[in-house]
Amino acid sequence: MSNIIECRSLCFSYSEGESKTSVLDNLNFEIKPGEKVAIIGQSGCGKSTLLNLIAGLDNPSEGEVFINSSNIAKLNEQDRTELRSKYLGFVYQFHHLLNDFSSLYNVSLPLLIKNNNKNEALVKATNILKKVGLENRLNHKPSELSGGERQRVAIARAMISEPTCLLADEPTGNLDANNAQDILDLIIELNENKRTALLIVTHDLSIANKMDRKFELINKALNEI
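First residue of the sequence shown: 6, per my numbering; consecutive thereafter.
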């Protein structure tokens, strides 16, 4: 079975003046279709940097990243964008919803951007919002939703394109304990029902323990624990 994501000898560093700071050093890592994986580590250790490299939003200093066997370093920006759109979904600690638009429009937007039929996109968005328990919040704007509801909208938006892998960066970090558990349960349910691979970046070991595999990012290296 092909890996949906694979990192080979991945390194990342940045320069400030004449000094060079290494963030990631020789990381080798893969995710199989349907697999749940967590990466834990302290703030500032490079977890979000690694997610950006996997998504092709940044370029590694050395090494390679493959998404569904495609080496993203060899793709132009348009092809990278299409690859992300086809295979990846994103959920962040902060929801990044469009404040002037309803839940329904926010969720349908990924399909509308790809020139999908508007009515079909709205029907699909309605259905997925129902699945995340927001059938009574379709026409509410983000300011009219609770923190947990906004994060549910963000998850629905990430899932509407039926990605092969969901990348989640501290998806519960901005929520209280009850909402955090609800969001985590929802993400895992989507993984189990859709066989969507899941990569969660977190500092919370209790979340990591619910995954199939977990890694710690420490001293620029990724170690399975």
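Quick reminder that beta carbons are idealized off the backbone N, C-alpha and C, glycines included. Predicted model, so just to flag it, every value in this text is computed and none were measured.
For residue i, the nearest candidate out of the options (CA to CA)
i: Phe71; options: Leu222, Tyr92, Leu195 and Ser53; result: Tyr92
i: Leu147; options: Gly138, Ala159 and Lys136; result: At residue 147 the sequence reads Pro, which differs from the Leu that was named. Minimum Cα distance to Pro147 is reached at Ala159.
i: Gly61; options: Asn122, Gln47, Phe106 and Asn76; result: Asn76
i: Asn184; options: Asn144, Asp30, Gln47 and Val137; result: Val137
i: Ala182; options: Asp209, Ile193 and Lys199; result: Asp209
i: Thr54; options: Val28, Gln156 and Glu69; result: Val28
i: Val96; options: Cys16, Ile9 and Arg155; result: Arg155
i: His101; options: Ala161, Asp63, Lys135 and Gly46; result: Ala161
i: Arg200; options: Asp187, Lys219, Lys215 and Pro168; result: Pro168
i: Asn31; options: Asp84, Ile205, Cys12 and Val128; result: Cys12
i: Gly94; options: Ile10, Cys16, Ala78 and Asn141; result: Ile10
i: Val112; options: Ala130, Arg142 and Asn121; result: Ala130
i: Glu197; options: Leu117, Leu134, Glu149 and Pro38; result: Pro38
Straight-line gap, residue i to residue j (C-alpha atoms, nearest Å)
i: Leu203; j: Ala226; result: 21 Å
i: Tyr110; j: Ser66; result: 38 Å
i: Leu180; j: Gly152; result: 7 Å
i: Leu248; j: Ser107; result: As shown, the chain starts at 6 and ends at 230. That puts residue 248 outside it, with no answer to give.
i: Leu189; j: Ser90; result: 23 Å
i: Lys123; j: Leu114; result: 9 Å
i: Glu87; j: Ala163; result: 15 Å
i: Ser74; j: Ser7; result: 7 Å
i: Asp105; j: His145; result: 10 Å
i: Thr207; j: Ile45; result: 5 Å
i: Asn224; j: Lys135; result: 43 Å
Residue i classed as buried or exposed, judged by whether at least 16 other C-beta atoms fall within 10 angstroms
i: Thr177; result: buried
i: Gly49; result: exposed
i: Gly22; result: exposed
i: Ser166; result: buried
i: Glu5; result: With the chain covering only 6 through 230, there is no way to say anything about residue 5.
i: Leu103; result: exposed
i: Asn214; result: exposed
i: Ala78; result: exposed
Expected contact under 8 Å - CB spacing of residue i and residue j to nearest Å
i: Glu221; j: Ile212; result: Contact flag wrong, Cβ pair sits at about 13 Å.
i: Val42; j: Asp174; result: That belief does not hold up - the Cβ atoms of Val42 and Asp174 are roughly 13 Å apart, past 8 Å.
i: Lys25; j: Ser18; result: 6 Å
i: Gly51; j: Cys16; result: At roughly 11 Å, the Cβ-Cβ gap does not stay under 8 Å, so Gly51 and Cys16 are not in contact.
Original post:
Which runs of the alpha helix (DSSP H), 4 residues or longer, sit entirely within the stretch 90-161?
Top reply: 108-118 and 123-136
Original post:
In chain order, which continuous runs of the beta strand (DSSP E) of length 3 or greater are located wholly inside the stretch 167-224?
Top reply: For the stretch 167-224, whole beta strand (DSSP E) runs of length 3 or above, ordered along the chain, are 170-174, 202-207 and 218-223.
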